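Number of protein chains: 2
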Amino acid sequence: MKHALSVTRSDDFAAWYQEVIAEADMAEESGVRGCMVIKPWGYGIWERIQALMDARIKAAGVQNCYFPLFIPLSYFAKEAEHVEGFAKEMAVVTHHRLVSDGKGGLVPDPEAKLEEPLVVRPTSETVIGAAMARWIQSWRDLPLLTNQWANVVRWEMRTRMFLRTSEFLWQEGHTAHADKADAMAEMLRALEMYRSFSEDVLAMPVVAGEKPENERFPGAVSTYSIEAMMQDGKALQAGTSHYLGTGFAESAGIRYQDKEGQQTLCHTTSWGVSTRLIGGLIMTHGDDDGLRVPPLVAPHQIVIVPMLRDNEEDDAVIAYCRELTAELAKVRAFDEPLRVHYDGRAIKAANKRWGWVKKGAPVIIEIGGRDVAGGNVSWLRRDALYNESGKLASTIEPKGDLVARASALIEEIQASLHKEATTRRDANITRGIASLDALAAHFTDGNKYPGWVELGWSRPAGAELEEVVTKLKAHKLTIRNTPMDVATPSGQCIFTGKPAVETIYVARSY
Amino acid sequence: MKHALSVTRSDDFAAWYQEVIAEADMAEESGVRGCMVIKPWGYGIWERIQALMDARIKAAGVQNCYFPLFIPLSYFAKEAEHVEGFAKEMAVVTHHRLVSDGKGGLVPDPEAKLEEPLVVRPTSETVIGAAMARWIQSWRDLPLLTNQWANVVRWEMRTRMFLRTSEFLWQEGHTAHADKADAMAEMLRALEMYRSFSEDVLAMPVVAGEKPENERFPGAVSTYSIEAMMQDGKALQAGTSHYLGTGFAESAGIRYQDKEGQQTLCHTTSWGVSTRLIGGLIMTHGDDDGLRVPPLVAPHQIVIVPMLRDNEEDDAVIAYCRELTAELAKVRAFDEPLRVHYDGRAIKAANKRWGWVKKGAPVIIEIGGRDVAGGNVSWLRRDALYNESGKLASTIEPKGDLVARASALIEEIQASLHKEATTRRDANITRGIASLDALAAHFTDGNKYPGWVELGWSRPAGAELEEVVTKLKAHKLTIRNTPMDVATPSGQCIFTGKPAVETIYVARSY
Numbered sequence: 202m203k204h205a206l207s208v209t210r211s212d213d214f215a216a217w218y219q220e221v222i223a224e225a226d227m228a229e230e231s232g233v234r235g236c237m238v239i240k241p242w243g244y245g246i247w248e249r250i251q252a253l254m255d256a257r258i259k260a261a262g263v264q265n266c267y268f269p270l271f272i273p274l275s276y277f278a279k280e281a282e283h284v285e286g287f288a289k290e291m292a293v294v295t296h297h298r299l300v301s302d303g304k305g306g307l308v309p310d311p312e313a314k315l316e317e318p319l320v321v322r323p324t325s326e327t328v329i330g331a332a333m334a335r336w337i338q339s340w341r342d343l344p345l346l347t348n349q350w351a352n353v354v355r356w357e358m359r360t361r362m363f364l365r366t367s368e369f370l371w372q373e374g375h376t377a378h379a380d381k382a383d384a385m386a387e388m389l390r391a392l393e394m395y396r397s398f399s400e401d402v403l404a405m406p407v408v409a410g411e412k413p414e415n416e417r418f419p420g421a422v423s424t425y426s427i428e429a430m431m432q433d434g435k436a437l438q439a440g441t442s443h444y445l446g447t448g449f450a451e452s453a454g455i456r457y458q459d460k461e462g463q464q465t466l467c468h469t470t471s472w473g474v475s476t477r478l479i480g481g482l483i484m485t486h487g488d489d490d491g492l493r494v495p496p497l498v499a500p501h502q503i504v505i506v507p508m509l510r511d512n513e514e515d516d517a518v519i520a521y522c523r524e525l526t527a528e529l530a531k532v533r534a535f536d537e538p539l540r541v542h543y544d545g546r547a548i549k550a551a552n553k554r555w556g557w558v559k560k561g562a563p564v565i566i567e568i569g570g571r572d573v574a575g576g577n578v579s580w581l582r583r584d585a586l587y588n589e590s591g592k593l594a595s596t597i598e599p600k601g602d603l604v605a606r607a608s609a610l611i612e613e614i615q616a617s618l619h620k621e622a623t624t625r626r627d628a629n630i631t632r633g634i635a636s637l638d639a640l641a642a643h644f645t646d647g648n649k650y651p652g653w654v655e656l657g658w659s660r661p662a663g664a665e666l667e668e669v670v671t672k673l674k675a676h677k678l679t680i681r682n683t684p685m686d687v688a689t690p691s692g693q694c695i696f697t698g699k700p701a702v703e704t705i706y707v708a709r710s711y
Numbered sequence: 202m203k204h205a206l207s208v209t210r211s212d213d214f215a216a217w218y219q220e221v222i223a224e225a226d227m228a229e230e231s232g233v234r235g236c237m238v239i240k241p242w243g244y245g246i247w248e249r250i251q252a253l254m255d256a257r258i259k260a261a262g263v264q265n266c267y268f269p270l271f272i273p274l275s276y277f278a279k280e281a282e283h284v285e286g287f288a289k290e291m292a293v294v295t296h297h298r299l300v301s302d303g304k305g306g307l308v309p310d311p312e313a314k315l316e317e318p319l320v321v322r323p324t325s326e327t328v329i330g331a332a333m334a335r336w337i338q339s340w341r342d343l344p345l346l347t348n349q350w351a352n353v354v355r356w357e358m359r360t361r362m363f364l365r366t367s368e369f370l371w372q373e374g375h376t377a378h379a380d381k382a383d384a385m386a387e388m389l390r391a392l393e394m395y396r397s398f399s400e401d402v403l404a405m406p407v408v409a410g411e412k413p414e415n416e417r418f419p420g421a422v423s424t425y426s427i428e429a430m431m432q433d434g435k436a437l438q439a440g441t442s443h444y445l446g447t448g449f450a451e452s453a454g455i456r457y458q459d460k461e462g463q464q465t466l467c468h469t470t471s472w473g474v475s476t477r478l479i480g481g482l483i484m485t486h487g488d489d490d491g492l493r494v495p496p497l498v499a500p501h502q503i504v505i506v507p508m509l510r511d512n513e514e515d516d517a518v519i520a521y522c523r524e525l526t527a528e529l530a531k532v533r534a535f536d537e538p539l540r541v542h543y544d545g546r547a548i549k550a551a552n553k554r555w556g557w558v559k560k561g562a563p564v565i566i567e568i569g570g571r572d573v574a575g576g577n578v579s580w581l582r583r584d585a586l587y588n589e590s591g592k593l594a595s596t597i598e599p600k601g602d603l604v605a606r607a608s609a610l611i612e613e614i615q616a617s618l619h620k621e622a623t624t625r626r627d628a629n630i631t632r633g634i635a636s637l638d639a640l641a642a643h644f645t646d647g648n649k650y651p652g653w654v655e656l657g658w659s660r661p662a663g664a665e666l667e668e669v670v671t672k673l674k675a676h677k678l679t680i681r682n683t684p685m686d687v688a689t690p691s692g693q694c695i696f697t698g699k700p701a702v703e704t705i706y707v708a709r710s711y
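Residue numbers (the numbering used here), protein chains in the order written: chain A, 202 to 711; chain B, 202 to 711.
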């Protein structure tokens with residue numbers, strides 16, 4: 202069977218990923234090391250993610266702010282442990298002016314060297330912590346719930362579009378609380394927000410749980426994540442939420458006067474998701490014909506392509522398409538008007554069709570003279586593109602019937618993508634592995650998509666944990682997280698031989 | 202009469218401006234040179250500006266993208282004329298790693314010096330031009346209409362919150378066209394979008410017109426602006442739109458194959474507005490009690506303050522407020538649900554009232570036990586805060602009456618702010634000044650708010666224009682723009698003695 206992409210997932214998953222991004226016209230290399238240009242289709246998906254996530258953030262009483270791009274070097278020196286975690290790979294601004302080099306070029310002006318270099322924010326804990334210290338005086342100011350949508354920069358040696366780029370877009374929530382219980386509740390609220398967003402909006406099944414100690418955000422008391430399984434069986438950490446204890450408050454001086462008049466350290470949290478979600482979406486829903494975008498985040502949910510023949514029928518076809526566009530735009534799905542796009546470009550209809558297939562528009566309608574004459578529409582469902590004999594599964598039906606079912610169709614496609622991904626994820630979790638050797642054997646190269654392994658373990662810490670991590674690393678494996686909704690396991694820990702006290706997922710990862 | 206601010210506009214306009222920002226809790230200095238922290242009320246206004254402007258941008262068929270924060274130095278060297286205009290005051294990234302200095306501090310790692318420094322974007326013409334050169338092949342790809350919402354950095358020596366900061370937030374539209382007529386039409390469309398947005402959304406009257414040659418964006422063929430009059434009579438350039446001819450296309454290589462198969466240079470435009478609009482909003486609508494936010498961009502349009510007395514009545518007051526909040530939230534104004542906020546903070550009701558007055562919430566409702574008993578609401582209209590005897594003009598009326606009129610009230614406040622600002626602007630434009638001496642006399646220091654002067658001039662160019670600019674500069678005056686909708690004047694140009702061919706506004710400016 203022929204597909205729209207030149208590389209299939211089973212041929213070469215990494216090459217397939219790059220081809221989806223290129224053929225769906227989502228992003229491209231910018232010519233600036235490690236930075237991508239996000240093109241309209243990719244950015245449109247991000248705008249949908251932003252809008253729907255922002256509504257959830259605001260509904261939780263969190264207020265958006267904007268903090269500076271630049272952070273003075275001294276803020277990082279203060280926060281030594283924090284910096285360690287970012288491997289110090291950060292973009293450093295040292296000059297504020299350019300001058301001519303006398304040879305037709307430009308150089309940083311030695312006269313305009315900054316007294317203190319500025320770091321381009323890799324995350325904003327330090328600068329937001331300084332603001333919180335100014336803003337919080339009394340228990341009445343708590344909890345303080347802030348968020349920002351921003352670009353951040355972490356100098357990356359090996360980059361991969363959407364998954365790991367030097368500059369990326371994200372939201373970072375930062376909150377301060379009177380006590381641990383309140384901070385933990387907020388950290389878990391954000392985690393649950395990410396979990397339900399991934400499942401309900403991105404149709405991407407995830408496991409929410411606590412990261413092992415060695416994977417904690419530097420300086421955090423506990424780090425939780427959502428982990429998604431990609432189609433190659435690898436895990437993608439798709440969002441994190443941290444309880445930071447009082448350590449960050451101490452170094453930034455975030456204190457409040459409690460009801461008894463005592464100066465008390467705040468407990469803080471931070472949580473974030475980024476454009477990486479789009480990488481997860483591609484590797485969850487893409488197929489050998491390109492991307493498939495869940496309707497809730499599709500910039501266009503229904504695309505209408507006129508099939509023109511440069512003859513006298515064309516005007517009627519265009520008018521019919523326009524009318525259909527207007528009728529569908531009045532329909533609502535997921536409590537919003539349908540996003541319907543009429544594609545009037547001066548290129549061949551077949552190229553338009555395959556363009557939208559590769560972009561993953563949920564429903565593609567094609568209208569020719571015969572449809573107009575019969576009062577029909579012909580349409581394709583991107584999540585069920587082929588029939589059993591491998592032909593395009595085009596449906597032809599009266600226009601009114603499609604308009605009447607459009608809302609249900611869009612909601613059904615969303616559910617169907619989620620179900621498909623969940624079934625695949627669940628089928629690729631292996632249980633019952635009883636030794637480290639058996640675990641290693643499961644992940645041999647012969648097993649192309651070994652998925653995740655669910656294990657009970659003794660929750661080792663410190664040096665004992667380091668030993669486990671080293672053993673796993675030898676097989677390119679990592680501990681993903683301890684899921685929140687799984688019963689305490691029985692049996693022994695395969696690493697320590699001690700009784701298992703909690704469940705973990707072990708997998709290869711991005 | 203006592204006011205909520207300690208400095209009035211007539212006392213010291215500049216100090217008043219800073220106090221409004223502080224007391225309305227919109228923004229503050231960040232501790233990072235030239236960068237501000239935008240706090241929830243200020244950022245909430247920006248989010249409203251973004252949402253309503255973005256809808257207009259999308260409705261015009263412009264697609265949002267995202268381009269890199271960093272621009273290689275060589276891109277600027279290529280674009281010498283372009284750089285000149287930014288005075289080369291740009292943040293330059295020279296290193297990508299920090300290391301310990303051995304004394305507990307951190308320094309840029311000499312081993313991690315970039316081969317080519319990166320400039321933090323001051324604007325994105327160069328990097329978007331490079332992308333357009335990749336994306337455009339044929340006439341079928343035109344027009345190419347892109348926009349991005351982003352942060353940009355221009356190193357500023359003297360900064361002022363919202364008006365001039367080293368980092369600011371903006372949108373930048375960049376478009377490419379087959380010919381001059383199409384590019385000019387797009388440039389004028391963006392200008393008209395800004396004009397109507399300022400008037401209809403920000404309630405800020407503006408004059409749209411062409412800037413004189415000396416004020417053109419470097420490399421532009423023509424630059425248009427919207428100019429607003431602040432309450433001190435100075436002009437604020439609140440948005441610009443440029444027709445760039447083929448110069449930028451030539452240096453970036455933006456060419457297309459026309460219908461005859463010829464490689465042809467594109468004509469490009471760019472246009473932008475920034476967080477500076479918020480500075481304009483403050484200086485247009487603020488009064489001696491703080492900010493007044495036009496309802497269309499107010500994060501909360503109606504705020505409900507419970508007046509609690511720590512007694513058994515409190516529960517009923519809170520329940521009544523909640524009920525009122527829910528009822529008002531079902532009302533629509535300007536085709537959106539009303540944005541209603543219940544202020545449940547544990548602080549005194551009087552402090553809440555004055556806090557919302559200073560923030561400029563359009564309607565402030567206060568509910569006490571007596572209101573609950575009588576089924577009434579007491580409310581203040583921020584744009585008409587005092588009655589004739591200088592007391593707060595509180596209205597008490599049955600709850601149902603307020604709910605029934607809430608939509609009209611909110612729309613009326615929007616119109617009233619626009620009318621007030623337009624009347625003031627029109628009253629402060631002086632016409633009929635017939636000599637340079639008379640012009641200078643009009644702007645003597647004795648005339649505290651001289652406003653703008655409308656003149657006919659001969660549209661001098663080159664050296665002749667430079668002479669005019671120098672003469673005006675001696676009186677701290679600038680030419681704002683040539684309005685689009687004013688008839689050709691008669692009489693002589695006061696600068697050149699030649700016949701006047703067009704109208705200009707002369708003013709002091711921000």
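Beta carbons are placed, not taken as given, at the ideal position from N, Cα and C, and that holds for glycine. Keep in mind the model is a prediction, meaning the values are calculated, not measured.
Residue nearest to D342(B) within the set G243(B), A550(B), M333(B) is M333(B) (criterion: CA-CA distance).
The count of Cβ pairs closer than 8 Å, one atom from the segment 205-214 of chain B and one from the segment 449-462 of chain A, stays below three, leaving the stretches out of contact. Chain B has no Cβ within less than 8 Å of the Cβ of K203(A). Going by DSSP, K314(A) is part of the beta strand (DSSP E) stretching over 314-321. Under the Cβ distance rule, H501(B) does not count among the residues neighbouring chain A, no pair being separated by less than 8 Å. Taking 8 Å as the upper bound for CB-CB distance, V328(A) and I258(A) are not in contact here, some 19 Å apart. Per DSSP, the continuous alpha helix (DSSP H) segment holding N552(A) begins and ends at 550-560. Counted as a single uninterrupted DSSP element, the beta strand (DSSP E) harbouring L656(B) occupies residues 653-658. Spanning the alpha carbons of S691(A) and T704(A) requires a straight line of approximately 10 Å.
At a beta-carbon threshold of 7 Å, the residues of chain A lying near C266(B) are V238, I239, K240, P241, Y244, ordered along the chain. Between V604(A) and I568(A), the alpha-carbon positions lie close to 14 Å from each other. Note on geometry: alpha-carbon atoms of E317(B) and G545(A) lie some 43 Å from one another.
Taking the Cα of D686(B) as reference, the smallest distance to any Cα among V408(B), H676(B), E612(B), R554(B) is reached at V408(B). Annotation for R456(A): the continuous beta strand (DSSP E) segment containing it runs 456-458. Within chain A, no residue has its CB atom less than 9 Å from the CB of T679(B), the nearest being about 25 Å off. Contact of M291(B) with chain A by beta-carbon distance below 8 Å involves H297, R298, L299.
Contact with chain A is absent for L253(B), since none of that chain's Cβ atoms lies less than 8 Å from the residue's Cβ. Looking only at L529(B), E589(B), T596(B), the smallest Cα-Cα distance to R582(B) is reached by T596(B).
In the displayed model, T623(B) falls within a helix according to three-state DSSP. For the segment 320-340 of chain A, the residues whose beta carbon sits under 8 Å from a beta carbon of chain B are, in order, V320, V321, V328, A331, A332, R335. Within the same chain, and ignoring the five residues on either side of R456(A) in sequence, the residues whose Cβ sits closer than 8 Å to its Cβ are A334, I337, A450, Q464, T465, L466, C467.
Using a CB distance below 9 Å, the part of the segment 540-556 of chain B facing chain A consists of R546, A547, I548, ordered along the chain. When 8 Å is used as the limit between beta carbons, I272(B) is near these residues of chain A: V233, in chain order. When Cβ-Cβ separations below 8 Å define contact, P269(B) makes contact with chain A. DSSP, reduced to helix, strand and coil, places G591(B) outside both helices and strands of the structure shown, so it counts as coil. Using a Cβ-Cβ cut-off of 7 Å, G306(A) is close to A278 of chain B, given in chain order. With respect to the C-alpha of K304(A), the residue from V578(B), S442(B), A278(B), I246(B) having the closest C-alpha is A278(B). Between the segment 517-527 of chain A and the segment 241-254 of chain A, the count of Cβ pairs shorter than 8 Å is below three; the stretches do not touch.
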